[in-house]
Amino acid sequence: MIEILNTSGLARARETGALVAHILRTLRSRTTVGTNLLDIDRWTEAMIVEAGAQSCYVDYEPSFGRGPFGHYVCTAVNDAVLHGRPHDYTLADGDLLTLDLAVSRAGVAADSAVSFLVGTSRPTESVAMISATERALEAGISAAVPGARTGDISYAIGSVLSEAGYPVNTEFGGHGIGSAMHQEPHVANTGRPGRGYKLRPGLLLALEPWVMADTADLVVDADGWTLRSATGCRTAHSEHTIAVTQDGAEILTLPPNS
1 MIEILNTSGL ARARETGALV AHILRTLRSR TTVGTNLLDI DRWTEAMIVE AGAQSCYVDY
61 EPSFGRGPFG HYVCTAVNDA VLHGRPHDYT LADGDLLTLD LAVSRAGVAA DSAVSFLVGT
121 SRPTESVAMI SATERALEAG ISAAVPGART GDISYAIGSV LSEAGYPVNT EFGGHGIGSA
181 MHQEPHVANT GRPGRGYKLR PGLLLALEPW VMADTADLVV DADGWTLRSA TGCRTAHSEH
241 TIAVTQDGAE ILTLPPNS
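Given below as structure tokens:
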């Protein structure tokens, strides 16, 4: 299903997006060396409940997962990149952490992810990989204008990632979003311009470039959820929910003053 939101729906989407941005910013500021992933999950739960919102993850049970996800935020560390299930792990200096959060409020969902390094260590390759996903996200957002097609977004994202030297996986990518977290259309992280669904004002998309340092192959963790790089290399993931408007893309999950 592809949803096109009206003025009222877009207003509610902006509120949900602002909540997701606030929670992610708060989590990032509180996360440091010694933080446990289960604490991050508990903090997320408390903020979602306090806001009168609902988690998109707790009861999430797609065909590729093993039962309901059962947690409030995805926490992917180092070689984990997608669907990172919180567990009893204490973060160390230099760990590369991705927080991926999807929340629904007033019937509209928003989805965003951020990768960052914990502590003071700044491994050069990790910094470069995070930067590449952020630049690819910016390129994809710039391509999301009325009349463009999803393939134009995919091409913009993939061009940045490929030029940076990263293999691109097309199994998981961006997606439509609205009354549900995952909707059509699928937006792969590489593709051919001029192909795919034609963008219209009122369409919400969650764009999410992600890469692994030296492979495009994923393996599933023993928890049945967490997706890791097949080679054990580090990974990075950046995501925003955007609304296509008459004037271009409006980022709904951008923190204030960013």
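Residue numbers (UniProt numbering): 1 to 258. Glycine included, every Cβ here is placed at the ideal spot set by N, Cα and C. Owing to the predicted nature of the structure, the values given are computational and were not obtained by experimental measurement.
On the CB-based measure, 16 or more other CB atoms within 10 Å of its CB, does residue i come out buried or exposed?
i, result
"G17", "buried"
"S55", "buried"
"E184", "exposed"
"V77", "buried"
"V81", "buried"
"S29", "exposed"
"E239", "buried"
"P209", "buried"
"A11", "exposed"
"S8", "exposed"
"T235", "buried"
"T124", "exposed"
"G165", "exposed"
"D79", "buried"
"T231", "exposed"
"R228", "buried"
With DSSP run on the structure shown, which of helix, strand or coil describes residue i?
i, result
"I141", "helix"
"I242", "strand"
"W225", "coil"
"W75", "It should be noted that the sequence gives Thr, not Trp, for residue 75. It is a strand residue."
"D111", "strand"
"D100", "strand"
"R14", "helix"
"R105", "strand"
"M212", "strand"
"E45", "helix"
"V118", "coil"
"A128", "helix"
"A249", "strand"
"T235", "strand"
With distances taken from CA atoms, which of the options is nearest residue i?
i, options, result
"S63", "D79, G224, H71, P146", "G224"
"S159", "A180, G174, T133", "T133"
"residue 302", "T90, G94, A102", "What is shown of the chain runs 1 to 258, which leaves residue 302 out entirely."
"T190", "T231, V168, L227", "V168"
"G84", "T98, E125, K198, E45", "T98"
"I141", "T215, H22, Y155, L37", "Y155"
"D39", "A164, D88, H22, L19", "D88"
"H237", "L96, I2, L37", "L96"
"M1", "P209, H240, S179", "S179"
"T90", "Q246, A51, T75", "T75"
"P86", "G176, A139, W43, A164", "W43"
"M47", "A21, F69, P68, N36", "A21"
"V49", "I23, F69, P68", "I23"
"H71", "A144, D111, D41, E61", "D41"
"N6", "G202, P68, V58, S131", "G202"
Closer than 8 Å by C-beta to residue i: which residues in its own chain qualify, once you throw out the five before and the five after it? Chain order, please.
i, result
"R25", "P255"
"R200", "I4, P146, V244"
"G194", "R149, G151, D152"
"D93", "V33, V118, G119, T120, S121"
"A53", "T16, L19, V103, S104, R105"
For the ligand HEM, any of its heavy atoms closer than 8 Å to the Cβ of residue i?
i, result
"V20", "Absence of the ligand HEM from the depicted structure is noted, as is the absence of any ligand whatsoever, leaving it without description."
Under 8 Å by Cβ, that's how I've got residue i and residue j pegged, so tell me the actual separation to the nearest angstrom.
i, j, result
"V220", "L207", "Between L207 and V220 the Cβ distance is about 24 Å, and since that is not below 8 Å, they are no contact."
"M181", "A109", "5 Å"
"T215", "C233", "6 Å"
"L205", "A144", "7 Å"
"S115", "I130", "5 Å"
So, is the C-beta of residue i closer than 9 Å to a C-beta in chain D?
i, result
"T35", "Going by chain labels, chain D is absent from the structure shown, which holds only one protein chain."
Ordered along the chain, which non-local residues of its own chain (more than five positions away) have a Cβ less than 7 Å from that of residue i?
i, result
"G107", "R12, S179"
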